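Enquirer: In this text, residue positions in the sequence shown follow the numbering used here: the first is 9, and each later residue adds one.
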Amino acid sequence: MPWGLPGAFVSAAVAVGIHYALRAFGIGPVGVGAAAAATSSGPALHLAVPWPSAEFVGGLSLAWKYLPLALPFAVMTIIGGIDNTESAAAAGDEYDTRGILLTEGFCTLVAGLCGGVVESTPYIGHPAFKKMGAGAGYAVATALFVGLGGMLGYLPLLVNWIPAAAVAPILIYIGLEVLAQGVLATPARHAPAVALAILPSIAFLVSLEMGSLVSAAGPALAHLTGDLADTFRSVRLLGNGFIVTALLWGAATAELIDQRFRRSALYFGVAAVLSLFGVIHSPTAQGTFFLPWKVGDMTPFTFAAAYFALGLVVLAAALLPGTRRAASEAEN
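#1: Taking DSSP as the reference, what is the three-state secondary structure of Q189?
#2: Inspect the beta-carbon positions of H54 and G145 and report whether they are closer than 9 Å.
#3: Cutting at 7 Å between CB atoms, please list the residues of its own chain near A98, excluding the five before and the five after it.
#4: Suppose you measure from the CA of L156 to the CA of Y131; what does that come to, to the nearest Å?
#5: Can you tell me whether W59 is helix, strand or coil according to DSSP?
#6: Flag G89 as yes if its beta-carbon sits less than 9 Å from any beta-carbon of chain D, otherwise no.
#7: For F298, which three-state DSSP category applies?
#8: Beta-carbon separation of G247 and A211 under 9 Å?
#9: Starting from the C-beta of G259, find all residues in its chain whose C-beta is less than 7 Å away, skip the five residues before and the five after it, and write them out in chain order.
#10: Does the structure place the segment 159-175 close enough to the segment 23-31 that three or more beta carbon pairs sit under 8 Å?
#11: What are the complete alpha helix (DSSP H) segments, minimum 4 residues, inside the segment 143-184?
#12: Compare the C-alpha of V202 against each of S290, T261 and T85 and name the closest.
#13: By how many angstroms is the C-alpha of V83 removed from the C-alpha of L299?
#14: By how many angstroms is the C-alpha of D101 removed from the C-alpha of F311?
#15: Apply the 10 Å Cβ neighbour rule to G295 and answer buried if 16 or more other Cβ atoms are within range, or exposed otherwise.
#16: Can you list the alpha helix (DSSP H) stretches of 4 or more residues lying completely in the segment 103-144, in chain order?
#17: Spell out a yes or no on whether the segment 279-298 and the segment 67-87 are touching, meaning 3 or more CB-CB pairs, one atom from each, closer than 8 Å.
#18: Quick one: residues in its chain with C-beta nearer than 6 Å to the C-beta of T93, no 5 flanking neighbours on either side, listed in chain order?
#19: Straight-line CA distance for V379 to H134?
#20: For G181 and A136, I'd like the C-alpha separation in whole angstroms.
#21: According to DSSP, is S208 helix, strand or coil?
#22: Short of 6 Å in beta carbon distance, which residues of its chain neighbour A280, apart from the five on each side in sequence? Order them along the chain.
#23: Could you check where the alpha helix (DSSP H) with V303 kicks off and where it finishes?
#24: I think G304 touches P80, with their Cβ atoms under 8 Å apart; what is that distance to the nearest whole Å?
#25: Could you tell me the boundaries of the alpha helix (DSSP H) in which D266 lies?
#26: Please say whether S209 and A254 have beta carbons closer to each other than 9 Å?
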C-alpha cells in the first residue's frame, strides 16, 4: 500500500466511508447502520483501570457450577495455541510452543485477577497477517488498542459504528489463507484427511445458523419434530467440540492413508473415550463436559461404541494378507 499503510486498515476505512456515503443518499438496506445511530444512547466513555484484586475468592464456590462450560473453552485455547504456533512455523516463523502456551496461561491468570472472563490464545491467521505486512509491532499495537478500548470504553462505540460488511471480507480472506495453508502445507496424499477434518467446523457453523433461525422462528428445540429435529441434533452433535474432532479425524485418516493402522486405531480409541465425557459430540446445547452416567442420554455411549468398533475394523484391516507387509513397513 502507498506510504506503507496497512492493507486491512485501508480496506476497512474505505468500506466504512462507502457505507456512510451511501447512507447519506438513502441507499442501502433498511436498518443497516441503526446501531451506529443509537450510539449516543449507548455506553459512554469512561476510565476503568484493570486493578488486580482478590474479589474472585468470593465467587469460587459458584465457579464449580460453570466448570463444565469453562473446560471446553480451555481445551480449545490450548489447541488453538498449538495450532497457531504450527501455522506460523509452516509460514516460516518458528516459535517455542511451550513458551506460547505458558504465555497464554499466564496472561489468562493475570486477566482473571483483573476481571477478565475469557481465556487468552494467539490470534489465528498468522500467514494472512504476514502477507499483509504485519510484524511484531502489529501484536503490540493490537494489544494497546484493545486494552485501552476496554479501559476507556470506546470499543462498544466502534463496534456499533463500523458495519459488519466492512470487516467481513478481511475475516474471509484470513479464513481462506488458513484453509489454503492446511492444504498446501500437507502432503498431497493427505488431502482426503484435510477435507474430512473440515467437516466438523462446517457443522459447527451450520448449527450456529440453524440455532439462530430456530430462535427467531419462536419454538424451542424441544418442540421441533421430524426431519428438522433430527438434522438439527445431528449437526449440533458433530459441531460440538469441533476442534478436537477435526484433529482426531484428520490424524486418524492420515495414518490410515499411510497404512499405519495401529496408530489410526489409537486415534479412534481416544475419540471413543473423549466422546463419553462430552469433549467431542456433546449432546448438550452448550457443548459442556459431563460424567457419562449422569447425563441421562445414551448418545455418548453410542458414539463411544461406534468409535471403538471403527478402531477394531482398522486393526482387523491390518491383519489382512495384502496389508500386513505394507503396514509393517509403514510402522518402521
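The C-beta atom is built at its ideal place from N, Cα and C for all residues, glycine as well.
Here the structure is a predicted model, which is why all the values come from computation and not from measurement.
Expert: Taking the structure as given:
#1: Indexing the sequence shown from 1 puts residue 189 at position 181. Looking at Q189 - three-state DSSP - the assignment turns out to be helix.
#2: In the sequence shown, counting from the first residue as 1, residue 54 sits at position 46. In the sequence shown, counting from the first residue as 1, residue 145 sits at position 137. Taking 9 Å as the Cβ cut-off, H54 and G145 do not qualify as a contacting pair.
#3: Here residue 98 refers to the residue found at position 90 when the sequence shown is read from its first residue. Taken in chain order, the residues that qualify are Q189 and A193.
#4: Residue mapping note: residue 156 aligns to position 148 of the sequence shown, counting from 1. Residue mapping note: residue 131 aligns to position 123 of the sequence shown, counting from 1. Roughly 18 Å separates the two Cα atoms.
#5: On the sequence shown, position 51 is the one that residue 59 refers to. W59: coil per DSSP, three-state reduction.
#6: The structure shown contains no chain D; it is built from a single protein chain.
#7: For the purposes of this step, residue 298 is identified with residue 290 of the sequence shown, where counting begins at 1. Note: F298 maps to coil in three-state DSSP.
#8: Sequence index remark: in the sequence shown, residue 247 carries index 239 (1-based). Sequence index remark: in the sequence shown, residue 211 carries index 203 (1-based). Going by C-beta atoms, G247 is nearer than 9 Å to A211.
#9: Working through the sequence shown from its first residue, we reach residue 259 at position 251. Here residue 259 is Ala; the residue named in the question, Gly, does not match the sequence. Counting only Cβ-Cβ distances below 7 Å, and skipping sequence neighbours, we find Y275.
#10: yes
#11: 144-160 and 163-169
#12: Working through the sequence shown from its first residue, we reach residue 202 at position 194. The option with the nearest alpha carbon to V202 is T261.
#13: As a working mapping, residue 299 is identified with position 291 in the sequence shown. As a working mapping, residue 83 is identified with position 75 in the sequence shown. Each residue's Cα considered, the two are about 17 Å apart.
#14: What you label residue 311 is simply residue 303 of the sequence shown in a count that begins at 1. What you label residue 101 is simply residue 93 of the sequence shown in a count that begins at 1. For F311 and D101, the distance between alpha carbons rounds to 39 Å.
#15: Residue 295 sits at position 287 when you count from the first residue of the sequence shown. It counts as buried.
#16: 105-121 and 134-139
#17: yes
#18: Here residue 93 corresponds to residue number 85 of the sequence shown, with the count starting at 1. So the list reads Y103, T105 and I108, once near-sequence residues are dropped.
#19: What the structure shows of the chain is the stretch from 9 to 340, and residue 379 is not part of that stretch, so it cannot be assessed.
#20: By one-based count along the sequence shown, residue 181 stands at place 173. By one-based count along the sequence shown, residue 136 stands at place 128. Contrary to the premise, residue 181 reads as Tyr rather than Gly in this sequence. Computed Cα separation, rounded: 7 Å.
#21: Residue 208 sits at position 200 when you count from the first residue of the sequence shown. Sequence inspection shows Pro at residue 208; the Ser mentioned does not correspond to that position. Helix.
#22: Locating residue 280 in the sequence shown gives position 272, where the first residue counts as 1. So the qualifying residues of the chain are A312, Y315 and F316.
#23: For the purposes of this step, residue 303 is identified with residue 295 of the sequence shown, where counting begins at 1. Note, V303: premise wrong, no alpha helix (DSSP H); not H, not E.
#24: Along the sequence shown, one-based indexing puts residue 304 at 296. Along the sequence shown, one-based indexing puts residue 80 at 72. 19 Å between Cβ atoms; not a contact.
#25: Locating residue 266 in the sequence shown gives position 258, where the first residue counts as 1. Looking at the DSSP string, D266 is not in any alpha helix (DSSP H), and its letter there is neither H nor E.
#26: Walking along the sequence shown from the start, residue 254 turns up at place 246. Walking along the sequence shown from the start, residue 209 turns up at place 201. Yes; because the gap between Cβ atoms is below 9 Å, this pair is in contact.
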